[in-house]
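Data first, discussion second: the structure below is written as C-alpha cells.
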Amino acid sequence: MLEIRNLHARIGENEILKGLDLTIPDGEVHAIMGPNGSGKSTLSYVLSGKPDYEVTDGSVSFDGADLLALDADARAAAGVFLAFQYPIEIPGVANMTFLRAAMNAQRKARGEEEISTPDFLKLVRAKAPDLGISQDMLRRGVNVGFSGGEKKRNEILQMALLEPKLCILDETDSGLDIDALKVVAHGVNALRSPKRSMLVITHYQRLLDHIVPDVVHVMHKGRIVRSGGKELALELEESGYAAYAQDAA
Amino acid sequence: MPAVQETVERVRAIDVDQYKYGFVTDIESEKAPKGLSEDTVRYISARKNEPEWMLEWRLDAYRRWLTMEEPTWARVSYPKIDFQDYYYYSAPKAAPKSIDEIDPEILKTYEKLGIPLRERDALLGIQREGGSKVAVDAVFDSVSVATTFKEELAKAGVIFMPISEAIREHPELVKKYLGSVVPVSDNFYATLNSAVFSDGSFVYVPKGVRCPMELSTYFRINERNTGQFERTLIIADEGAYVSYLEGCTAPQRDENQLHAAVVELVAMKDAEIKYSTVQNWYPGDKDGKGGIYNFVTKRGDCRGDNSKISWTQVETGSAITWKYPSCILRGDNSQGEFYSIAISNGHQQVDSGTKMIHLGKNTSSRIISKGIAAGHSDNTYRGLVSAHRKATGARNFTNCDSLLIGDLCGAHTVPYMEAKNASAQFEHEATTSKISEDQLFYCLQRGLSQEEAVALIVNGFVRDVLQQLPMEFAVEAQKLIAVSLEGSVG
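Structure follows, in C-alpha cells:
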C-alpha cells in the first residue's frame with residue numbers, strides 16, 4: 006500500500022523529515038508515536054500534499070504509483086485521506102454541500118458518475134447516526150460552531166463517506182473526552198478492512214487501547230527510531246520518550 | 012422541473028470560456044454621428060419619433076450637463092473619457108415590426124445567451140411549474156427588438172414596454188414619473204443619460220395588482236464604441252407588487268465602452284418592488300485592457316406608507332463600476348433593502364454600495380453587502396444611511412463583509428451615517444477576511460480542485476445574498492461567481 010523510502014522534507018529552511026522509512030502493507034493499522042516536534046504532523050502533511058512542505062529527497066510509493074508526483078486533490082482522489090488535528094471551518098458552506106462536493110469531485114477525478122441526490126442522502130443517513138452526527142450538524146456550515154468532539158466525529162464521517170484506501174489520523178484523540186474517544190474509535194474500527202490501511206498519529210497510548218494497531222513506530226527527529234508490536238505503546242506509556250531520544254542520538 | 016432544468020443547462024452550456032459572451036454580432040446598424048451636441052440629442056429624439064415635450068426634456072438635460080463636472084470622489088481611476096469620441100445612438104437598421112422580421116443574427120446572439128426571444132421559445136424555455144412565466148423585454152444595443160407576453164400582462168393591466176413606446180403611448184404616466192426619483196440634474200452621468208437615453212423598460216403595475224410574472228430585461232452592448240444609456244422606469248401603484256430581473260452580458264472588445272444607465276422605481280402606498288440584477292459585462296482582459304465603464308444611477312422611492320423596495324445585485328463584470336442603488340424611505344413604515352455581491356478580479360475596480368435615506372416615521376432598512384476582491388482588483392463599499400429629523404423610529408442594519416483572495420487586491424469599506432433624529436437606531440457590522448491557505452488545503456485534501464475550492468468557499472461567503480435572488484437567477488449567479496473567479500488563485 007504505502008512505501009516511504011529515505012524521505013527528507015522541509016518547511017522553509019527547516020528540515021523536519023530526515024530520512025524516514027516506513028512501509029504499511031494492505032489492511033494494516035500502524036501507529037506513530039513520538040514527542041512534540043518529532044515530525045509526526047509534518048509526515049501527515051507531506052503525504053497529503055500540503056503546499057509549503059518541500060520534499061528534498063526520497064520517495065513515496067502508493068499502490069505502486071509515485072505519490073509525490075500528484076497534487077493534493079489528485080492524492081485525495083487516489084485514496085489518501087487525512088483526518089485533521091484541527092479541522093478547518095468554512096462558513097456558509099453547509100456540511101452536506103461540502104460532503105457531496107468532495108465526493109463528486111473525487112468521483113469525477115476517477116472518471117465515475119456523480120452520486121445522485123437520493124443515493125447521497127441514503128448514504129449519509131446510514132453513516133451519520135453511528136457517529137452521533139445530527140441533522141443540525143449536517144446543515145450547519147462546515148465545522149462552524151462545532152465542539153472539538155463534533156469536529157473530530159465530522160472528520161470520521163467524511164472518511165466513512167469517501168472510503169479512502171489510506172487513512173491518516175493526525176492526533177484524532179486530542180481534545181476528546183473518553184466517551185467521545187470511544188465513539189470516534191468505534192467509527193474508525195468500523196472502517197478497518199483488508200483493503201484499507203491506516204496511519205494513526207498520537208501522543209498517547211490511550212487511543213491505541215481503542216484502535217488497536219498492528220505495528221507501533223516511534224518517531225524522533227524526523228526518523229522512525231524504533232518499531233514493534235502494540236505492546237510497544239504500553240512500554241512508551243511507562244517510560245516516556247526520553248530513552249528513545251537518547252538511543253537515537 | 013424540466014423547463015427550469017433546460018434553462019439551467021443552457022446557462023451551463025454557455026459557460027465555456029473565461030469570458031463567455033465575447034462575440035460580436037455582425038449586423039448592419041445605424042448610428043448617430045459620433046460625439047455629443049444638441050444635434051445628437053435632436054437626432055435621437057427624432058429617431059424615436061418623440062413628442063416635442065420629450066425633446067425639450069432632453070435638451071434641458073443636455074444644457075445642464077454642459078455645466079456639470081465629472082465626479083472624481085469614487086475610488087476608481089481610469090483615463091479621462093472623451094465624451095466626443097462615442098456614438099450616442101446605434102440601432103439595427105430597419106426597425107422590425109414583428110418578430111419574424113428580426114435579423115436572424117440577432118436571434119442567434121440571443122440564443123447563445125440563452126434568452127428565448129420568441130414567445131413560443133420563452134414558453135417552452137422558462138415556463139416554470141405552477142405556470143409562472145418570465146417575460147423578456149430584450150434590449151439589443153439601443154432598441155428593444157421584441158417584447159414578449161405583452162398580451163398576458165395587458166390582461167392584468169400591467170404595462171411593460173420599451174420606454175420609447177411608453178413615451179408615445181402613455182405620455183401622462185411618463186411625464187408624471189420620469190425624473191421624479193432621479194431628477195434631471197441629479198449627477199453628471201444621470202444628466203447625460205437624461206439627454207441621450209436611447210431605450211429601456213417601462214413598467215406600470217396598477218392599483219392592487221400583483222404582477223402575474225417576473226419581468227426580465229437583458230441588456231447587451233454590441234456596437235463598437237457605443238455608449239449605452241438605458242432608462243428604466245418602474246411604478247408600482249397602491250398595493251401593487253412587481254419583481255423585475257435585469258441581466259447583462261456584453262461582447263468582448265478592446266475599446267472601453269461607456270455605460271450610464273438610470274433606473275427609477277416608484278412604490279406607492281402598500282406597494283412592493285423587487286429589483287434584481289446580475290451584471291456580467293466585459294471586465295477587460297487579464298492586463299486590464301478594454302472593459303465596460305459602468306456609471307449607473309439606480310434609485311427607488313418608497314413614496315407611500317408601508318411600501319417596500321428591495322435591490323439585489325450580483326456584480327461580476329465591468330472594468331469600472333460606479334453604482335449605488337438607493338432607497339428614499341419617504342412613506343411611514345416603508346422599508347428598503349440592499350443585498351449585494353460585488354466580485355472583482357483582474358484589474359477591475361468596483362466602487363459600489365447604497366444609500367438609505369430615512370424620511371418617514373418608523374422606516375427601516377437593511378444592507379447586506381459582500382465584496383470579493385481577487386487578482387489586482389480594488390473593491391470598495393460606499394454606503395450612506397441617513398435619518399431626517401422627522402424620521403422618528405428609523406432603523407438600519409448594515410453588514411459589510413469583504414473577502415480577499417490573494418495579496419495584490421484591496422477591499423475598502425466607506426460607510427457614512429447621519430442621524431438627525433435622536434430615536435434613530437443604526438447598526439453597522441463589517442468584517443474583512445481572506446481565504447486562508449488552510450481552508451484551501453482542507454478542500455483540496457477532500458478532492459476538490461483549487462478552483463472548485465475557491466468557488467465553494469466564496470459561495471458560502473455570499474450565501475445570505477444569493478438566497479434573495481429568484482431561483483433561476485441564483486443558479487446563474489452561482490455559476491457566474493465560479494467563472495469570474497477562475498484563475499484567481501495559484
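Chains as they are written, first to last, in my numbering: chain A, 6 to 254; chain B, 12 to 501.
C-beta: ideal position from N, C-alpha, C; glycine also.
From a predicted model like this one, the values you see are computed outputs, not experimental measurements.
Beta-carbon contacts of residue i that lie in its chain and below 7 Å, excluding the five residues immediately before and after
i	result
Gln16 of chain B	Reliability of the predicted coordinates at Gln16 of chain B is poor, the pLDDT of 45 falling under 50, and no value is obtained from them.
Leu128 of chain A	Leu166
Asn19 of chain A	none
Cutoff 9 Å: residue i Cβ touching any chain A Cβ
i	result
Asp475 of chain B	yes
Asp418 of chain B	no
Gln461 of chain B	yes
Arg179 of chain B	no
Ile379 of chain B	no
Ile468 of chain B	yes
Leu455 of chain B	yes
Ser495 of chain B	no
Gly382 of chain B	no
Which of helix, strand or coil DSSP assigns to residue i
i	result
Gly116 of chain A	coil
Gly192 of chain A	helix
Met6 of chain A	coil
Pro96 of chain A	strand
Ala430 of chain B	strand
Leu174 of chain A	strand
Ala272 of chain B	coil
Val195 of chain B	coil
Trp292 of chain B	coil
Gly69 of chain A	coil
Trp84 of chain B	coil
Glu225 of chain B	strand
Arg341 of chain B	coil
Tyr392 of chain B	strand
Glu234 of chain B	Model confidence at Glu234 of chain B stands at a pLDDT of 48, short of 50, so the residue's coordinates are unreliable; what they give is reported in the following sentence. Coil, per DSSP.
Cys313 of chain B	strand
Cβ neighbours of residue i in the same chain (closer than 8 Å, five flanking residues each side left out)
i	result
Leu112 of chain A	Note on residue identity: the sequence assigns Arg, not Leu, to residue 112 of chain A. Hits under 8 Å: Glu118, Glu119 and Ile120.
Glu242 of chain A	Tyr209 and Gln210
Residue i at chain B interface by Cβ criterion, 9 Å
i	result
Ser53 of chain A	yes
Val98 of chain A	yes
Glu94 of chain A	yes
Arg158 of chain A	no
Gln163 of chain A	yes
Phe103 of chain A	yes
Gln210 of chain A	no
C-beta atoms of residue i and residue j nearer than 9 Å
i	j	result
Ser337 of chain B	Lys309 of chain B	yes
Ala36 of chain A	His225 of chain A	no
Gly347 of chain B	Ser380 of chain B	no
Ser49 of chain A	Ile173 of chain A	yes
Ala106 of chain A	Glu225 of chain B	no
Gly404 of chain B	Lys372 of chain B	yes
Gly97 of chain A	Asn470 of chain B	yes
Ala72 of chain B	Ser209 of chain B	no
Gln290 of chain B	Gln239 of chain B	no
Asn407 of chain B	Gln436 of chain B	yes
Arg69 of chain B	Ser205 of chain B	yes
Ile303 of chain B	His270 of chain B	yes
Lys334 of chain B	Val307 of chain B	yes
Contacting residues, own chain, Cβ-Cβ under 6 Å from residue i (five flanking each side not counted)
i	result
Gly315 of chain B	Met279, Lys280 and Gly342
Leu395 of chain B	Lys366 and Tyr427
Leu73 of chain A	Val60 and Val65
Met101 of chain A	Leu143
Cys411 of chain B	Ser380, Tyr392, Thr424 and Ala441
Ile29 of chain A	Met6, Leu7, His35 and Ser202
Gly382 of chain B	Ala353, Asn390, Tyr392, Ser413 and Ala422
Phe199 of chain B	Met79, Glu81 and Pro82
beta-carbon residue i near the ligand NAD non-hydrogen atom, thresh 8 Å
i	result
Gly301 of chain B	This structure lacks the ligand NAD, and indeed carries no ligand of any kind.
CB contact below 9 Å: residue i versus chain E
i	result
Tyr350 of chain B	Any reference to chain E falls outside this structure, whose protein chains are A and B.
Open item on the list: Taking contact to mean 3 or more Cβ pairs, one atom from each stretch, closer than 8 Å, check whether the stretch 76-93 of chain A and the stretch 473-485 of chain B are in contact.
Closed with: no
TODO: Decide if the stretch 432-447 of chain B is in contact with the stretch 43-55 of chain A; the criterion is three or more beta carbon pairs, one per stretch, under 8 Å apart.
DONE: no
Open item on the list: With three or more beta-carbon pairs closer than 8 Å as the criterion, would you say the stretch 402-422 of chain B touches the stretch 448-461 of chain B?
Closed with: no
TODO: Report yes or no: do the stretch 190-201 of chain A and the stretch 141-148 of chain A share at least 3 C-beta pairs separated by less than 8 Å?
DONE: no
TODO: Say whether the stretch 154-168 of chain A touches the stretch 54-72 of chain A, bearing in mind that this needs 3 or more beta-carbon pairs closer than 8 Å, one atom from each stretch.
DONE: no
- [ ] Kindly confirm or deny that the stretch 208-215 of chain A and the stretch 82-91 of chain A touch, where touching means at least three C-beta pairs closer than 8 Å.
- [x] no
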